[in-house]
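Engineer: Numbering (this note's numbering), first residue to last: 1168 to 1293.
All C-beta atoms, glycine included, are put in the ideal place defined by N, C-alpha and C.
Treat the numbers as computed from the prediction; the structure is a model and nothing was measured.
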Amino acid sequence: MLIDLKPEIRQALQSNAALILLLGRDKNGEVKVYPQASPEITGPHVTFFEITNYNNNFASDRAISSEIHFQMDIWTPYNTGPIAIAVNETMEGLGFHRRSARDMPYDKDAATYHKVMRFSKTHFGG
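(1) For Thr1214, which of helix, strand or coil comes out of DSSP?
(2) Can you round the beta-carbon distance between Glu1234 and Tyr1245 to whole angstroms, since I take them to be within the 8 Å contact cut?
(3) For Val1213, which residues of its own chain have a beta-carbon under 8 Å away from its beta-carbon, when the five flanking residues on both sides are left out?
(4) When we look at the beta-carbon of Lys1282 and count the other beta-carbons within 10 Å, is it buried (16 or more) or exposed?
(5) Excluding the 5 residues preceding and the 5 following Phe1263 in the sequence, name in chain order all residues of the same chain whose CB lies nearer than 6 Å to its CB.
(6) Using CA coordinates, which residue listed in Met1258, Gly1292, Pro1206 and Ser1267 is at the minimum distance from Lys1194?
(7) Thinking just about the alpha-carbon of each residue, which of Arg1229, Leu1172 and Thr1209 is nearest to the one in Lys1275?
(8) Could you check where the alpha helix (DSSP H) with Met1258 kicks off and where it finishes?
(9) Taking the beta carbon of Tyr1150 as the centre, do at least 16 other beta carbons fall within 10 Å, making it buried, or is it exposed?
(10) Could you tell me which residues DSSP pairs with Leu1205 in its beta bridges?
(11) Is the beta carbon of Phe1237 less than 8 Å from the beta carbon of Ile1176?
(12) I'd like the span of the beta strand (DSSP E) that includes Ala1268, first residue to last.
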């Protein structure tokens, strides 16, 4: 049972009022939340990707649930805290649990702070 939660996650993050204010919108009018990579290299934005997605419970030789892990990366020239709080609230609202959150070294060349957050969820059904 393979579940693709990327569209649901992106929609939820882009609908979060706090993230709309904190991240702003790109030149296409989209809230700056991107799967994989950002088309922008400046300003605050969030990127995310699926780390693992595997069957973890079975009944009658059929998968009945999947364990799914995502990584969220926060990129900003400012404090990552407010964005991290909004991302965490959104992911918890989708039934995910935060497994870790880590500040990465400040990138002097890009003048950017980077925070990595990892979440997991057991998803039942199709």
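Structural biologist: Reading off the structure:
(1) strand
(2) Not quite, the Cβ-Cβ distance comes to about 34 Å (not below 8 Å), so this is no contact.
(3) Leu1180, Leu1186, Leu1190, Lys1199, Val1200, Tyr1201, Met1239, Asp1240, Ile1241, Trp1242, Ile1250 and Val1254
(4) buried
(5) Phe1286 and Lys1288
(6) Pro1206
(7) Thr1209
(8) Gly1248 to Gly1260
(9) As shown, the chain starts at 1168 and ends at 1293. That puts residue 1150 outside it, with no answer to give.
(10) It should be pointed out that residue 1205 corresponds to Ser in this sequence rather than to Leu. DSSP output for Ser1205 lists no bridge partner at all.
(11) yes
(12) His1264 to Asp1270
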